[in-house]
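Chains A and B, in that order, are what the protein sequence lines are.
Quick note, the first sequence lines up with residues 0 to 244 if you use numbering that gives the first Met the number 0.
Quick note, the second sequence lines up with residues 0 to 244 if you use numbering that gives the first Met the number 0.
What follows is a set of notes on a single structure, which appears directly below.
Protein chains: 2
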Amino acid sequence: MIIIKLGGSIITNKQKSLTVKLNRINKIVEKLKTVKEEIIIIHGGGSFGHYWSLKYNMHTKPMKYNSHGISIVKNSMVELNKIILNAFFKTGFNPYVFPASNFINVHGIPIIEKILEMKEISKSGLVPISYGDVLWRYKRRSYILSGDRIMTILSKIIKPRLAIFILNEDGIYSNFAKKKLIYKLNNEKPDIKMINDSTGGIERKCNEAKQIQTLNVKVFFVNGNKPNRIIDAINNVRFVGTLLE
Amino acid sequence: MIIIKLGGSIITNKQKSLTVKLNRINKIVEKLKTVKEEIIIIHGGGSFGHYWSLKYNMHTKPMKYNSHGISIVKNSMVELNKIILNAFFKTGFNPYVFPASNFINVHGIPIIEKILEMKEISKSGLVPISYGDVLWRYKRRSYILSGDRIMTILSKIIKPRLAIFILNEDGIYSNFAKKKLIYKLNNEKPDIKMINDSTGGIERKCNEAKQIQTLNVKVFFVNGNKPNRIIDAINNVRFVGTLLE
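As structure tokens, then:
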């Protein structure tokens with residue numbers, strides 16, 4: 000089983016609010032159709048949820064945020080998720096939306112039996128699709144749960160063979176200005192100036208990846224603009240990207 | 000607090016697959032904007048989820064249904080739900096999608112703390128919106144959970160002041176051919192030939208209503224084509240429709 004994160008920057012145009020890169024999404028999804036293994040998909044918020052959460056100053060910290068902002072972030076993620084669901088459906092997959100609110104309780108704790116359900120869904124010829132979202136917490140607070148964080152939460156319980164982060168860059172860079180790629184992240188330090196793809200920047204992303212790696216799950220960062228590299232990573236062929244194992 | 004069910008027949012055109020009655024939806028939502036009380040919305044599947052579940056022979060009984068059918072039903076409900084969310088958003092509400100999969104566990108049992116969360120969301124200036132859907136059950140089975148059933152599940156825990164079923168008819172009829180309306184359902188028998196609005200026909204709908212009424216919640220059936228009647232029912236003014244108390 001493989002868990003794949005479609006980063007916000009690769010599925011949307013972060014430079015322009017509420018725009019998707021439909022052609023890019025379709026090409027990635029078509030390539031994933033050639034994968035014989037079961038997959039679970041997570042996607043980010045990009046110029047939808049991520050854009051609005053910045054606009055309304057909403058973060059990963061549970062707080063009383065503006066109700067209108069909460070509604071806009073949540074609705075925009077339904078919108079983006081629908082586009083992703085459609086792309087998978089049109090390509091011949093049987094996508095099955097599984098929002099993060101399904102498997103996180105009111106105290107922010109993962110619900111193990113719900114996450115195991117996701118594994119069963121994936122084994123039944125369906126593709127569970129989840130996404131970064133605004134979630135509710137008790138005492139009328141809410142918070143942003145990023146797609147990257149979901150990768151770690153799911154990996155801990157599902158124990159996939161691989162966890163793949165699909166980026167809008169070749170991988171993780173040690174020097175962003177020079178686009179110096181880190182092939183093996185284990186000992187090298189990422190350049191924190193690297194354009195971030197997520198809630199909290201590249202440091203948080205690498206931190207999630209390291210947590211996944213400690214579960215004995217191989218982690219890949221690959222460029223979604225070159226979908227063949229995703230397949231190479233899955234098939235354990237030499238590929239351009241960043242590996243953490 | 001008021002829980003309102005928008006029946007599949009009033010929000011979609013059941014005669015034609017995948018068609019919404021957008022004008023009808025907008026008029027109802029605009030009228031609901033005048034309500035001062037907190038509301039929770041449930042909607043049915045109509046010519047979206049209901050249509051596809053019939054086509055793929057999927058029922059309320061947990062079974063191993065066709066994966067493609069499961070995916071189509073679920074995706075079509077995301078589609079219909081998005082239209083409902085948009086209608087509420089455009090009218091000035093802050094809608095907050097709360098899928099049934101959030102508050103039902105893998106054994107089909109309601110998760111009380113999640114349902115109470117829905118109440119808190121409603122009290123925070125947001126409008127929780129849920130809908131009939133295909134849900135996952137352990138042992139790789141799935142089943143249809145109707146919007147009507149959700150009305151009962153939520154009422155038991157949330158204990159609203161009113162539960163309102165918005166239909167495409169004046170209310171419940173004792174004689175469907177003659178459109179003889181039952182004003183008080185308590186002692187009269189509905190005509191089972193009445194066009195059904197839900198999973199399982201008018202008998203099941205009345206059965207859910209009776210379960211809600213035993214919780215000391217007043218239940219109304221009103222015609223969504225005359226949105227004023229919804230307001231009359233809420234304001235306890237003499238109205239055309241069916242009452243169960």
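Just so you know, even glycine gets a beta-carbon here, dropped at the ideal spot from N, CA and C.
State the Cα-Cα distance for the pair residue i and residue j, rounded to the nearest angstrom.
i: Ala232(A); j: Phe238(A); result: 6 angstroms
i: Lys269(B); j: Val216(B); result: Outside the displayed range of chain B (0 to 244) lies residue 269(B), so it cannot be described from this structure.
i: Ile2(B); j: Pro94(B); result: 14 angstroms
i: Gly146(A); j: Gly131(A); result: 4 angstroms
i: Ile82(A); j: Gly124(A); result: 20 angstroms
i: Ser30(B); j: Leu161(B); result: Per the sequence presented here, residue 30(B) reads as Lys, with Ser not at that position. Roughly 17 angstroms separates the two Cα atoms.
i: Ser52(A); j: Lys4(B); result: 30 angstroms
i: Val19(A); j: Tyr64(A); result: 26 angstroms
i: Met76(B); j: Lys178(B); result: 31 angstroms
i: Tyr55(A); j: His42(B); result: 29 angstroms
i: Arg140(B); j: Met57(A); result: 38 angstroms
i: Ile10(B); j: Thr11(A); result: 31 angstroms
i: Gly200(B); j: Phe102(B); result: 24 angstroms
i: Ala176(A); j: Met193(A); result: 8 angstroms
i: Asn235(B); j: Lys138(A); result: 33 angstroms
i: Lys113(A); j: Phe88(A); result: 23 angstroms
i: Thr59(B); j: Met0(B); result: 28 angstroms
i: Lys35(B); j: Lys35(A); result: 54 angstroms
i: Gly48(B); j: Ser8(B); result: 12 angstroms
i: Asn206(B); j: Ile230(B); result: 24 angstroms
i: Glu119(A); j: Lys183(B); result: 47 angstroms
Does the beta-carbon distance from residue i to residue j come in below 8 angstroms?
i: Ile245(B); j: Gly170(B); result: No answer is possible for residue 245(B): it lies beyond the span of chain B, which begins at 0 and ends at 244.
i: Pro109(B); j: Met117(B); result: no
i: Leu243(A); j: Asn167(A); result: no
i: Ile71(B); j: Ser121(B); result: no
i: Leu17(A); j: Gly44(A); result: no
i: Ala99(B); j: Asn25(B); result: no
i: Leu214(B); j: Lys155(B); result: yes
i: Gly6(B); j: Ile165(B); result: yes
i: Asn22(A); j: Leu84(B); result: no
Does the Cβ of residue i have 16 or more other Cβ atoms within 10 Å, making it buried, or fewer, making it exposed?
i: Lys13(A); result: buried
i: Ala208(B); result: buried
i: Ile111(B); result: exposed
i: Glu37(A); result: buried
i: Leu144(B); result: buried
Mapping DSSP to helix, strand and coil, what is residue i?
i: Ser100(A); result: helix
i: Thr241(A); result: strand
i: His42(A); result: strand
i: Ile111(B); result: helix
i: Pro94(A); result: strand
i: Pro127(B); result: strand
i: Thr33(B); result: coil
i: Val105(B); result: coil
i: Lys179(B); result: strand
i: Val77(A); result: helix
i: Val221(B); result: strand
i: Lys122(A); result: helix
i: Lys188(B); result: coil
i: Asp231(A); result: helix
i: Arg160(A); result: coil
i: Leu153(B); result: helix
i: Met117(A); result: helix
i: Asp196(A); result: Below a pLDDT of 50, predicted positions are generally treated as unreliable, and Asp196(A), at 48, falls in that range; the measurement from the model is reported next regardless. Coil at Asp196(A), not helix or strand.
i: Asp169(B); result: coil
i: Val216(A); result: coil
i: Leu144(A); result: strand
i: Val28(B); result: helix
i: Lys246(B); result: This structure cannot settle anything about residue 246(B), because the visible part of chain B is limited to 0 through 244.
Looking only at its chain, what residues have a beta carbon closer than 7 angstroms to the beta carbon of residue i, apart from the 5 residues adjacent to it on each side?
i: Arg279(B); result: This structure cannot settle anything about residue 279(B), because the visible part of chain B is limited to 0 through 244.
i: Gln212(A); result: Val218, Leu243, Glu244
i: Ser129(B); result: Ile41, Phe97, Pro98, Ala99, Ile149
i: Ser46(A); result: Thr11, Asn12, Lys13, Lys15, Ser16, Leu17, Thr18
i: Thr104(B); result: Checking the sequence shown, residue 104(B) turns out to be Asn, not Thr. Same-chain partners within the cutoff: Ile110.
i: Ser66(B); result: none
Apart from the five residues on each side of it in sequence, which residues of its chain come closer than 8 angstroms, Cβ to Cβ, to residue i?
i: Gly107(A); result: Pro61, Leu134, Arg136, Tyr142
i: Glu202(B); result: Pro189, Ile191
i: Gly91(B); result: Lys32
Does the beta-carbon of residue i, which I'm using as the reference point, lie nearer than 7 angstroms to any heavy atom of the ligand FAD?
i: Thr11(A); result: Summarising the ligand content, the structure contains no ligands, and the ligand FAD is consequently not present.
With a CB to CB cut of under 6 angstroms and the five nearest residues on each side skipped, what residues in its chain are close to residue i?
i: Glu187(B); result: Ser173, Ile181
i: Gln210(B); result: Thr151
i: Ile27(B); result: Gly223, Pro226
i: Tyr50(B); result: Ser16
Please compile the residues from chain D whose C-beta is within a distance smaller than 8 angstroms of the C-beta of residue i.
i: Glu78(B); result: Absent from the structure: chain D. Protein chains present are A and B.
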